[in-house]
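Residue numbers (my numbering): 204 to 293.
Structure, rendered in structure tokens:
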């Protein structure tokens, strides 16, 4: 067990099939094969969005000792997108 170098995460993901790896665990050379194994049907895309939302919610919003970090991140993103939209039309 080593920390800091990412070696432990590589050992954990070594035996995981390529189609089940998360994007951050895929090496650059494996990216084409990994994309080929993704499900781009409407149900697959909705499932991916749902999983991403659930992961974000559980990491930043649904915590025992939560702060304002997750909600603030969401609001800053919203304001940044809205500001860009306002700037475009004025």
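We put the beta carbon where it would ideally sit given N, CA and C, even for glycine.
If residue 240 sits next to residue 222, beta carbons under 8 Å apart, how far is it from one beta carbon to the other, in whole angstroms?
4 Å between Cβ atoms; contact.
Contact check, residue 273 vs residue 263 under 8 Å by CB: the rounded distance?
The C-beta distance from residue 273 to residue 263 rounds to 3 Å, short enough to fall under 8 Å.
Rounding to the nearest angstrom, what Cα-Cα distance links residue 231 and residue 260 in this structure?
Straight-line Cα distance between these residues: approximately 28 Å.
State the DSSP-derived secondary structure class of residue 219, mapped to helix, strand or coil.
Of the three classes helix, strand and coil, the one that applies to residue 219 here is coil, per DSSP.
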